[in-house]
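Chemist: My structure is below; once you've seen it, I'll send some questions.
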Amino acid sequence: MTSLLEKIRSRFGRFGRVLLYTSMLLPGAARAGAYEDYFQAIRMDNVYFLKQLMQRGMGPNLIEPKRGYTGLMLAIREDSMQAFDLLVNAPDVNLEAQATNGDTPLMLAAFYGNVPVVKLLLSREVEVNRPGWAPLHYAAINGNAEIVGLLLEASAYIDAESPDEQMTPVMLAAMRGRVAAVAALRDGGADLTLKNKDGLTALDLARRYGQTEVIGVLQEKPRS
647 MTSLLEKIRS
657 RFGRFGRVLL
667 YTSMLLPGAA
677 RAGAYEDYFQ
687 AIRMDNVYFL
697 KQLMQRGMGP
707 NLIEPKRGYT
717 GLMLAIREDS
727 MQAFDLLVNA
737 PDVNLEAQAT
747 NGDTPLMLAA
757 FYGNVPVVKL
767 LLSREVEVNR
777 PGWAPLHYAA
787 INGNAEIVGL
797 LLEASAYIDA
807 ESPDEQMTPV
817 MLAAMRGRVA
827 AVAALRDGGA
837 DLTLKNKDGL
847 TALDLARRYG
857 QTEVIGVLQE
867 KPRS
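First residue of the sequence shown? That's 647 in the numbering used here, and the numbers climb one at a time after it.
Below, the structure is given as structure tokens:
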């Protein structure tokens, strides 16, 4: 469904946006379509418009129907960092909210490789370990070794198994050729002898997917 913000932006450009922002200052701002405009403001990283909506009662924990994301989670996904800064500092923001598929803000930040957001969320002491998919799995998939290290420093369980396929973070990194992440997990003490549901180790997966450089890393001794 196209929101009012999108329609005005498309038809009237900058002038239309000025008209829309002005209308938000009027008492009738709590109108039909404001819900959609809230999430569109986050996608556009329009913190001015978002702030107006929040001041009129649209809190930081509203959930969009497509993925079940809160506004904060959508800001992470869209890399809307001004909107993120506003939402993460809202007094009642839920930093442990879960999307429909179970993703949390920390998991999304790890998946998209957003180091500053990961650091901020960890400073707020969000949960790093959870059943099923965990932030460390997502960091391994992305391949960001710095995020892998940050999560391990925060006591993330290094050999957490994914649901169904029983993939550990080092397995996920190995099959995707994430060399730096594989090295960080190896040096962090990942158990390289563990096998997934199909009986394959991280080294087996690296070989299956032709990840030559990863094979070399896995065969090296861990660095202290």
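Glycine is no exception: its CB is placed at the ideal position from the N, C-alpha and C atoms.
#1: Can you tell me which of the three DSSP states threonine 839 falls into?
#2: By DSSP's criteria, threonine 716 is part of a beta bridge. Which residues make up the other side?
#3: Please report the distance separating the alpha-carbon of aspartate 844 from that of aspartate 810.
#4: Provide the residue span of the alpha helix (DSSP H) that contains isoleucine 793, from first to last.
#5: Give the single residue among Val825, Asp805, Ala756 whose Cα lies nearest to the Cα of threonine 858.
#6: Does DSSP put glycine 862 in a helix, in a strand, or in coil?
#7: Using the Cα positions of arginine 869 and glycine 862, report the straight-line distance between them to the nearest angstrom.
#8: Is alanine 806 near asparagine 775, with beta carbons less than 9 Å apart?
#9: For the alpha helix (DSSP H) that contains asparagine 787, what are its first and last residues?
#10: So, helix, strand or coil for methionine 727, using DSSP?
#11: So what does DSSP say about aspartate 702, is it helix, strand or coil?
#12: Measuring only the C-alpha atoms, how far is aspartate 837 from alanine 756?
#13: Check whether the segment 780-797 and the segment 727-743 touch, using three or more Cβ-Cβ pairs below 8 Å as the test.
Modeler: Working from what's here:
#1: The count along the sequence shown starts at 1 and reaches residue 839 at position 193. DSSP places threonine 839 in coil when its eight states are reduced to three.
#2: The residue given as residue 716 occupies position 70 in the sequence shown. Answer by DSSP bridge pairing, in chain order: Ile709.
#3: On the sequence shown, position 198 is the one that residue 844 refers to. On the sequence shown, position 164 is the one that residue 810 refers to. Straight-line Cα distance between these residues: approximately 11 Å.
#4: As a position in the sequence shown, residue 793 is number 147, starting the count at 1. Unbroken alpha helix (DSSP H) run through isoleucine 793: 791-799.
#5: For the purposes of this step, residue 858 is identified with residue 212 of the sequence shown, where counting begins at 1. Ranking Val825, Asp805, Ala756 by Cα distance to threonine 858 puts Val825 first.
#6: For this step, residue 862 is matched to residue 216 along the sequence shown. In this structure, glycine 862 counts as helix in the three-state DSSP scheme.
#7: The residue labelled residue 869 in the question sits at position 223 within the sequence shown. The residue labelled residue 862 in the question sits at position 216 within the sequence shown. Taking the straight line from one Cα to the other gives about 14 Å.
#8: Position 160 of the sequence shown, counted from the start, is the residue given in the question as residue 806. Position 129 of the sequence shown, counted from the start, is the residue given in the question as residue 775. Result yes, Cβ atoms of alanine 806 and asparagine 775 sit closer than 9 Å.
#9: Your numbering for residue 787 matches position 141 in the sequence shown. Correcting the residue identity first, residue 787 is isoleucine in this sequence and not asparagine. It spans 781-788 - the alpha helix (DSSP H) in which isoleucine 787 sits, taken as one unbroken run.
#10: The residue given as residue 727 occupies position 81 in the sequence shown. If DSSP states are grouped into helix, strand and coil, methionine 727 belongs with the helices.
#11: As a working note, residue 702 is residue 56 in the sequence shown. For the record, residue 702 in the displayed sequence is arginine; it is not aspartate. Collapsing the DSSP output to three states places arginine 702 in coil.
#12: For the purposes of this step, residue 837 is identified with residue 191 of the sequence shown, where counting begins at 1. For the purposes of this step, residue 756 is identified with residue 110 of the sequence shown, where counting begins at 1. The alpha-carbon atoms of aspartate 837 and alanine 756 are separated by roughly 21 Å.
#13: no
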